[in-house]
Structure formats: C-alpha cells, structure tokens
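These notes are about the structure you will find just below.
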Amino acid sequence: WGILRVPISPFSPQIPDSRPGPALIPPFPQTFTAWCNSHLRKAGTQIENIDEDFRDGLKLMLLLEVISGQASRLPKPERGKMRVHKINNVNKALDFIASKGVKLVSIGAEEIVDGNAKMTLGMIWTIILRFAIQDISVEETSAKEGLLLWCQRKTAPYKNVNVQNFHISWKDGLAFNALIHRHRPELIEYDKLRKDDPVTNLNNAFEVAEKYLDIPKMLDALTGIPSEELGVSPAPVSHSHSRSRSPQAETAANRICKVLAVNQENEQLMEDYERLASDLLAWIQRTIPWLESRDPQKTIPAMQQKLEDFREYRRVHKPPKVQEKCQLEINFNTLQTKLRLSGRPAFMPSEGRMVSDIGAGWQRLEQAEKGHEEWLLTELRRLERLDHLAEKFRQKASIHEGWTEGKEVALRDRDSGTASLAQVRALLRKHEAFESDLAAHQDRVEQIAAIAQELNELDYYDSPSVNARCQKICDQWDLLGSLTHSRREALEKTEKQLETIDELHLEYAKRAAPFNNWMESAMEDLQDMFIVHTIEEIQGLIAAHDQFKSTLPDADKEREAILRIQQEAQRIADLHGIQLPGNNPYTSVTPQIINSKWERVQQLVPKRDQALQEEQNRQNSNEHLRRQFGSQANRVGPWIQTKMEEIGRISIEMNGTLEDQLNHLKEYEQNIVEYKPNLELLEQQHQLVQEALIFDNQHSNYTMEHLRVGWEQLLTTIARTINEVENQILTRDAKGISQEQMQEFRASFNHFDKDHGGALGPEEFKACLISLGYDGDAEFQRIMAVVDPNGSGTVTFQAFIDFMSRETTDTDTAEQVINSFRVLAGDKNYITAAELRRELPAAQAEYCIARMAPYPGPDGIPGALDYKSFSTALYGESDL
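So, in structure tokens, the structure goes:
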C-alpha cells in the first residue's frame, strides 16, 4: 500500500502558522523549480534559480500563459531591462493571478524583482494552489470518498482510531500505524502506542513505511499534519511468480549461469562507476581551491600570466573532465537500466558519490570559474589604472620640483638691506610677480596630493615612496608660503623710499608669468598619459586637442605682445641712456625662456597628434575584433539552439526502427563534432579580444561563457538521448519484444502524448491502455501504481515500455533460480561444493561457493551450502 500527497505550503494564506521564521520557508525549493520547468519546457525554456530567473517577469508571464492556456488574456510584456520594466512585468503577472480570484497576501512586485526567495516561493505556491491542486481536488472527489471508506474499514477494529477525514483524523499518528499493522502486523507493536504522543507515533509509522514498505517519508512529525485535506490514493501492489518450466539439470545450470553472469557484469559496472566518480570528485576538490585563491600581483604582465594560466585550464584541463562527467552519467543510466531489466535492486552509490553530488560539485566548480575570471579582469583594470596614476604623479611631481628648485634660496635672500631705492622697489615688484606664479601653482600641488591619495586607496604597491615624495612637496610648499610672507614684510619696510619703477618691466613680468604658466600647463597636457577603451573616448580627446590647437594663434599673438614690451623697455632705456640690468628685475622669465618653451610646445603638438592617431588606430582595431567576434557568436549561438530543438523533436518522433533512430542521432552527434572548429575559431577570437583588454561588446548578446555552457549542454543532451535509445534497444532485446511490438507501443504512446512532452497524464495513460486491450477501469489503479510508484502523476515512455515488457515476456525470478538449484542438488534443501563444481563452469561454481552461506537446517551435512538465501539475495529479497 502507498500514500501519495500534495504538500501544503506555509505560504498558503488559509493556514495560520505561529512557528518561528525558518519554518515559514517552504520545503524543497528544487521541487518548485522542477514543477515550473515541467510547464516552461512546453514553451522551449526553463529556469535554473527560482528566486533569480523570475526577477524580470518575462518567464513568470510565460509560465502563466502555459498553465492557464489563456495567452490572449495576458498583456504583452515589456522588453526593457530597467528596474521599472521588470516591476511592470511582475505586476502584470500578479494582476492576472488576482483576476482568477486568488488573494495575494504580502506579495509585491518589488520583492520579486529584488530576488526575495521567500516571497518568490510563496508566489509560485499560490500559482500551484490555483492552477494545479484546486482542479485535482474537484476531479478526484469520488475517488477520495472511496478511499475514505476503505481507510475506515481497515482501521475499524483499532481503538482510538476514527477516520472521518484526511487531516484531523491522522494528526495523532495512530491511523497510519493501524494501516501498517492491518497489512503487516509483525512491523508494528500497536498496543504499545499512546494517543497522547503523536510525534513518536508519526515517526514510528514513517520510519517503518520507509524501511520495510519502500514508502518515502513525506511528512515531518515535528511539523505535523497540514490543516488542509490531503489528496491520497491507495494502490495495492501485487507480484506474480511464474512456475519453473523444466526440471532438467542442464536448463537449471544454464539459468544459473545467465543470472550469475548478469550479476558479475553489474558488479563490475558498479566498481567502474565508484572509481570514475571518486577520480572526478577528487579533481573538482583540487581545482576549486585554485580557482578561489586571490593572490594580487604588482604588475600587469604578472596578472596577464595568471589570466593565461586560467585560459589554459579552460582550453586543456577542463574539456577531458567534461567528457568524463558525461560518460559517468551515461554509465550510471546504463547500469540502472540493466539492473531494472534483470530484476535487481537499483544501484545506490556510496555516500558522497551520487550523480547529484557530482552535479553539485560541478556547479560549485563553474561558480568558482566565473568568480576567478571576474577577479582577474578586475585586477587588470586596477593595475592599469595604478600605472597611469603613478606615471602622472611622477610627471607632475617632477615639473613642480623643477619649478620650486632655487625658490627657497631666493626667498631667504636679505638683499633689501643694501639695495638702492629703485632696486628695493624692483625687488618688491618681482616678489609680487612671484606670488602670482605661486598662486598659479596651487592647483598643481592639490592635484599631486589628490593623485597620491587615490594611489593609496587603490593599494598601490609603492605607496610609501609616493607618500614620502608627496609629503616632501607639501612641506616645501608650506615653507615657500611662509618664506614668501616673510620676504614681503621685509620689502614693505623699505617700500616708502621707492619712487620710481619701470612699469614696462612690471607689465612684462605680470604678463609673462601667466603666459609661462600656461605654456608649462600646455606642455604638461601635451605629455599627459591617457587611457581609453572606445572609439568615442579617443575621438573626444582628438576633438579637445583640435580645440587646443585652434588657440595657438592667439597665444602666439600674446607671446609677441609680451616680447614687444621687453623690446619697448630696452628701446626707451637706450633712448635715455639708462643702463638696465642684464635680467628683468621683476621676473626670471626671460624672452629666451618664453621662446624656448614656445618652441617646445610647437614640437609637442605633432607628437601629441601622432600619439592620438596611434590610439585611434588601436581602437579601430579593437572595434574590428568586437565585430568579428560578434558575427561568429551570432552564428554559433542560434546553431546550438537549433540543434537542441532538433534533438528534442527526434526524441519524441517515431521514424523507423530504434536502430534507425540511433543511427540518426549518431549522425547528429557526428555533425555536432564536425561543427566544433567553429567554436574553436570563436575561442581564438575571444582570446584576441581579451588580449586587447576589450571588456564589452555591443555587437552580440552572446558571451563566450554562455556559448561554452550551451555547447557542453548540447554534447550532454545528444549523448543522453543516444543512451536513452540504446536503453530502449536493450529493453527490447532483453525482453524479446519484436520491432512491430515496439513500434506499436511507441505509436500508442505518441498518439496520446498530445503535448509531445514525453510523458502521459493519468487520463491519457488510461486511454492508451484501453487502445492496447486493457480494461481501463478495472486495472487502471493497479497498473498506475506499477508505472508511477512515486505518484508524480505522469508516465514516461521508459516506464511504459518496462510495464509492457513485464506483461508480455517471461523473466527470471528468485523462485525460478531456487528451483534450478534444487534440481542440481537432487531435490535437497542444500547443495554441496562438489555438486556445484560438477554442474557449473569452474569460475561460476567458485563464485557461488564463495558467496553461499552455510546451510543452517537440521538435515544438512558438513559443508552444506544454503542456495535459497543466495538466490533471494541475487534479486534483493534478503540482506545476504
């Protein structure tokens, strides 16, 4: 007997729940993910992470279209990627749910968009309640009444049990224990159970059912029975055994040899699986720490070497492991099929080596890969930025230190004490020009300090030397300010004695100093480092440079005007016989310096033009790489998607024999293998893109990571589909099913598989049975329990074939093997080693002798072996 139920979620608004926070999270989110994918698959898509993939609302609206069958009633989704578009899409889906009479409690679009797992699972549970469970309850009303009557009759003789419904009557656990005791009294000590200890009662019933009756534990005793009615469906399971066919010893020996050969082959497959699984898991465990390591480098070449190591891992080390993982899954499926066909129990790998464990480890590996690649690219950007800032700091610091050289000595000079009145006034005016120059350099000092601060924030490896140099510049700047103030005070003491001043020299100094500073800034800008990533950025720099060149004619006019001031001063002095000093007393910027720096500016302009042009050429080359990769990616991506869809169609269509389908699939597999050079070409283009430090590409929505995953999924899908057809061939040959029978089974199955989903619902399966000559009403419950023991509500084609093969062919059983051994033993209850060696081949005789337990019966002789327990152990019917 078995009980199947629909889980009741704590998110249901009708169920009050006063338990603490963690109990409010619905169990098994993977079950909800599988439920969603079973419907989304009809639309050719699926989800991976239930609290992430519904955030934009697109797949949520698609899910509602599929399960409601009312696509025209749903509004058209918005395709934008901004947050407001995602919220609008989710609100449209929630409005549609509300239009079906469902009250949405505390579920808002913003929470779904923000990836709130609790609210997302609650919303999915609300959809299940409305579009799945509600309809099932209406259709199965009469069946539930019949089941309730059955439960009442079975539990009537038991005290403290009064089954009136499917929720309150089961809360103390006695009803579950009564049903088990009625059918298997040796498993339950019913008289020792207490009505006031429901947790113990429930745990006892669930554990006994799981251990002895092969019924999984579906309820949690601590959680209790949900307050809503459960949908239950009893299904008796019966097994018939065929009688022994031939008493001849040769037939019996052949049967034993066949059984032992199958058992030995299965054991070898199990050992191979354990070995492959251990090796693959060990490789994953060794690789993940390397991918998760974060060892920052000081230079870009060192970081690029780490990126190259990662590419080599992707290109050389990982592909063989992908193939091993695929082969491991194929071997596992083949082994389970052989065990099922030979009547053996399913293979359960050792702890930690399940296919699901390998899948989980592989997922952790891919997550570590993604994180490692993102970290490498981020570090490259950081180091590139640091190199640029460090060079800029050194350049500005050198210019400033060159400007400040000798300024401290000049400011400390006490020449005003012995100078003439004219000389003192000249010194004062010169000092005013110096202060103007000093103020003009304030921005440069602030820029130097700002760059040093940014280098510290970005963790520059040579920060101590940068800080020391910056501190020295700042200290010197403060000292210059103090000395400037002191010198002004000293000069102002003698200012009253000054009467004349050469205005032309002063004007020259005032105009020459800013012009000199402008030239220095221009030279600094022309030599400034730049870093760009797009054509638009370099075009912006070129435009700014062109704008600067357009100002040069005006600057040249200013230079000539300044030089004319000096020439005019000299002309007046010569005219009046004045002996001028060799240098302008108000500034150290001589006409020679101005002309020299002007020539330097004129030399730097074409060099800047060349540098900008070279960078523009590089960006044009990068754009070509982007377009080249985008073009190839836009061909490979749709090709992979098309092949996935074609493989899906082949797996459900019936064209020719199974061998024809297998050959067709292998042709597809060969076609896929031959297409691999296109992916390798894309990998080469992707490597060129990364070597060029290109971080984005607007010419394609496909990334290399997406295409790698798609390619691996395509290889896995074609291998798995080929394996499924091979298993069908194995089933057909093992069970002696003719090609015509197999085609008839496939034709019947496909005829009733209206949605081409690869599985039949209960009503579709019943109609299929009727078409094959079965009494649909009388035998449906028995057959349904056989083909759907887990109560999933669907019947796969493999389960359908297994059932039909059992119904139409003869299979070996434990009873048949026992009868065969009895023939070899001369109708005794035991057998001797000599008899085994006489009747069986040497290898298989020794196999039996090594594994048979001593015969415990009183009629045995020394050395007698128990062939009955050995035979039942072959079919999983004992613990031997």
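Numbering (my numbering) for the sequence shown: 824 to 1703.
We put the CB at the ideal spot given by N, CA and C, even for glycine.
In this structure, Trp1341 is the residue among Ala1434, Asn1501, Trp1341, Asp879 with its C-alpha nearest to the C-alpha of valine 1424.
Here isoleucine 1654 is bridged, per DSSP, to Leu1688. Assignment of valine 1618 by DSSP, reduced to helix, strand and coil, places it in the strand class. Counting only the Cα atoms, leucine 1537 lies some 15 Å from glutamine 869.
Leucine 1025 and methionine 1177 have their C-alpha atoms roughly 29 Å apart. Rounded to whole angstroms, the separation of the alpha carbons of isoleucine 1153 and proline 980 is 51 Å. By the neighbour-count criterion, in which a residue is buried when 16 or more other Cβ atoms sit within 10 angstroms of its Cβ, proline 1124 is exposed. The criterion of a C-beta distance shorter than 7 Å is satisfied by asparagine 1000 and leucine 1016.
Just measuring C-alpha positions, the residue of Lys1144, Asp1118, His1356, Phe1353 sitting nearest aspartate 1102 is Lys1144.
Look at proline 1168 here: in three-state DSSP terms it is coil, with no helix or strand label. Our two residues, valine 1640 and valine 1618, have alpha carbons roughly 31 Å apart in a direct line. Around the Cβ of tyrosine 1096, a 10 Å sphere holds 16 or more other Cβ atoms; the residue is buried. Taking the CA atoms as reference points, threonine 1413 sits about 12 Å from isoleucine 1388. The beta-bridge partner set that DSSP reports for alanine 1676 consists of Asp1689.
Minimum Cα-Cα distance from glutamine 1362 among the listed residues Leu1448, Glu1437, Trp1300, Leu1386 corresponds to Glu1437. Counting the other Cβ atoms within 10 Å of the Cβ of lysine 1420 gives 16 or more, which makes it buried. Per the coordinates, the alpha-carbon of methionine 1627 lies some 13 Å from the alpha-carbon of isoleucine 1593. Note on the region 1253-1288: whole alpha helix (DSSP H) runs with a minimum of 4 residues are 1265-1280, in chain order.
For glutamine 1564, the enclosing alpha helix (DSSP H) covers residues 1562-1575.
The C-beta separation of leucine 1327 from glutamate 1381 comes to about 16 Å, leaving the pair out of contact by the 8 Å criterion.
Contact between the region 1487-1501 and the region 1464-1475 is established, with three or more Cβ pairs separated by less than 8 Å.
Taking each of Gly931, Leu1302, Lys1253 in turn and checking the Cα distance to tyrosine 1409, the smallest one comes out for Lys1253. Following the DSSP letters along the chain, one finds alanine 932 inside the alpha helix (DSSP H) bounded by residues 932-936. In this structure, the beta-carbon distance from alanine 1183 to isoleucine 1111 does not fall below 7 Å. For alanine 1582, the secondary structure class from DSSP, reduced to helix, strand or coil, is strand.
For alanine 1637, the enclosing alpha helix (DSSP H) covers residues 1637-1647.
Pairing isoleucine 1274 with alanine 1335 gives a Cβ-Cβ distance that is not under 7 Å. By the Cβ neighbour-count rule, isoleucine 1354 is exposed, with fewer than 16 other Cβ atoms within 10 Å of its own. Nearest C-alpha to asparagine 1652 among Ala1213, Phe989, Gly1680, Cys1293: Gly1680.
Within the region 1487-1559, the runs of alpha helix (DSSP H) that reach at least 4 residues and sit entirely inside it are, in chain order, 1499-1514, 1527-1558. Nearest in C-alpha terms to glutamate 1383, of all of Ile1417, Asn1457, Glu1360, Asp1236, is Ile1417. Between leucine 881 and asparagine 912 the beta-carbon gap is near 6 Å, inside 8 Å, which marks them as a contact. A direct Cα-Cα distance of roughly 38 Å separates arginine 953 from leucine 1530. Counting every other CB atom within 10 Å of its CB across the protein chains shown gives glutamate 1482 a total below 16, marking it as exposed. Counting C-beta pairs with one atom in each stretch, the region 1557-1565 and the region 1605-1622 have fewer than three that are closer than 8 Å, which means they do not touch. Its Cα nearest to that of isoleucine 947, the residue Ala916 stands out among Gly1683, Ala916, Arg976.
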